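To convert, count from 1 in the sequence shown and add 33; that's my numbering. Contents: one structure, followed by commentary.
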Amino acid sequence: MAFILLLVQLIAIALSKPLEANDFKAFENPQDTGNVFVWVAIILIFTAFIFLVIKLNKKWMIQAFILITVGWTMGYVFYALFSMFPQFITSDTNLVLTIMISAALTVILYKFPEWYVIDIIGMIIGAGSASIFGISLDVVPVILLLVLLLVYDYIAVYQTKHMVALAEGVMDLRLPILLVIPKHWNYSFRAEKFEKEEREAFFMGLGDAVMPTLLVVSANFFITETTYYSLPLIGAINMPAIGAILGTFLGFSVLMVLVMKGKPQAGLPFLNCGVILGYVVGSLIAGSSIFGGYF
């Protein structure tokens, strides 16, 4: 699971430049903290929508919406990737390839939602969405968002417990809203009945991989007055982003210690605290401003 989390973060960094080159951004003004509250409002509305649909026993609506969103997000990712090779792929060819591949993967996901299919597509859309929002929000709005979401996740899991109920209500849809790590190679997610007390796989919400990655991408994209290091296939990465990655895994390690005890845990309080702490330490080591261009 840690390896998948690392892949999501590295792929998100690699995607940031081609996505930015194609102007695939979520917000016009990356420094506007108002964008954060728009995002939180969308999350709350979508959560309410899911609960309503589950109560009405219309889960197919959730499945259809998420499949469309998955295909749409993959379209952004593949178009940005193919645009890196204009000498071989024209814009028209790029569009055709993007539609064909995105549609094919979405159909495969619908027809054959095995754990490795879900994980691969989850990594693609997780890295893509984290990169799009990471280049759309400066460091301060991202930190504000992460703080708000860790508080929300804590309340939703430990107090109201509605996040646990929500997860259990949609797991049988077998969609890449979570990452699946089987405990043995014979495990089949398609055959999973979700009835056993002891499950045969570990599950982590895709949001737990996406949210801390926002700060990794934002730090690498907006903190420019620092030294960059080159990574093969990934591109340039700076110390604040490296610190954020290491901080994510510090939080992840603490989270896993608690998860191994067998109880559901809120991931974002650990992961978001870790990535913020790592970013701050990385910024101090690099001698760059923690708050970017704000102060």
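Virtual Cβ for every residue (Gly too), placed ideally from N, Cα, C. Keep in mind the model is a prediction, meaning the values are calculated, not measured.
Please report the distance separating the alpha-carbon of Val197 from that of Met237.
Here residue 197 is taken as the residue at index 164 of the sequence shown, counted from 1. Here residue 237 is taken as the residue at index 204 of the sequence shown, counted from 1. Whole-angstrom Cα-Cα distance: 12 Å.
query: Are there 16 or more other CB atoms within 10 angstroms of the CB of Asp152, so buried, or fewer, so exposed?
result: Counting from 1 along the sequence shown, the entry for residue 152 is found at position 119. Asp152 comes out buried.
Check: Alpha carbon to alpha carbon, what distance is there between Gly284 and Gly311?
Finding: For the purposes of this step, residue 311 is identified with residue 278 of the sequence shown, where counting begins at 1. For the purposes of this step, residue 284 is identified with residue 251 of the sequence shown, where counting begins at 1. Roughly 10 Å between the two C-alpha positions.
### Message
Check this for me: beta carbons of Met204 and Phe227, under 9 Å apart or not?
### Response
Position 171 of the sequence shown holds residue 204. Position 194 of the sequence shown holds residue 227. Yes.
message: Cutting at 6 Å between CB atoms, please list the residues of its own chain near Leu43, excluding the five before and the five after it.
response: Here residue 43 refers to the residue found at position 10 of the sequence shown. These residues qualify, in order along the chain: Ile267.
Quick check on Leu77: buried or exposed, where buried means 16 or more other Cβ atoms within 10 Å of its Cβ? As a position in the sequence shown, residue 77 is number 44, starting the count at 1. By the 10 Å Cβ count, Leu77 comes out exposed.
Just confirm the distance between the C-beta atoms of Phe156 and Val41, as a whole number of angstroms; I'd bet it's less than 8 Å. If you number the sequence shown from 1, residue 156 lands on position 123. If you number the sequence shown from 1, residue 41 lands on position 8. Just to set this straight, residue 156 is Met in the shown sequence, not Phe. Yes, Met156 and Val41 are in contact; Cβ-Cβ is about 6 Å, under 8 Å.
Next item on the list: Please check the pair Ala54 and Ser124, which I expect to be a contact at CB under 8 Å, by giving their CB distance rounded to whole angstroms.
Entry: On the sequence shown, position 21 is the one that residue 54 refers to. On the sequence shown, position 91 is the one that residue 124 refers to. Contact flag wrong, Cβ pair sits at about 13 Å.
Comparing C-alpha positions only, which one of Leu206, Ala200 and Thr102 sits nearest to Thr139?
If you number the sequence shown from 1, residue 139 lands on position 106. With distances taken between CA atoms, Thr139 lies nearest to Thr102 out of Leu206, Ala200 and Thr102.
With contact counted as at least three CB pairs below 8 Å, one residue from each stretch, are the region 60–69 and the region 157–172 in contact? yes
Practice prompt. Let me know the secondary structure DSSP gives Leu130 once reduced to three states.
Written response: As a first step, residue 130 is located in the sequence shown; it is residue number 97 there, counting from the start. Per DSSP, reduced to three states, the secondary structure at Leu130 is helical.
Where do the ends of the beta strand (DSSP E) carrying Ile270 lie? By 1-based counting over the sequence shown, the position of residue 270 is 237. First-last of the beta strand (DSSP E) with Ile270: Gly268 to Asn271.
- Query: Helix, strand or coil: how does DSSP classify Leu170 here?
  - Reply: Within the sequence shown, residue 170 is the residue found at index 137, counting from 1. Looking at Leu170 - three-state DSSP - the assignment turns out to be coil, as it is neither helix nor strand.
- With distances taken between CB atoms, is the gap from Met244 to Leu177 smaller than 9 Å? Against the sequence shown, residue 244 aligns to sequence position 211. Against the sequence shown, residue 177 aligns to sequence position 144. Taking 9 Å as the Cβ cut-off, Met244 and Leu177 do not qualify as a contacting pair.
I want to know whether the region 201–217 touches the region 262–276 - three or more CB-CB distances under 8 Å. The region 201–217 makes no contact with the region 262–276; the number of CB pairs closer than 8 Å stays below 3.
Exposed or buried, which one is Asn68 when buried takes at least 16 other CB atoms within 10 Å?
Residue mapping note: residue 68 aligns to position 35 of the sequence shown, counting from 1. Asn68 is buried by the Cβ-count criterion.
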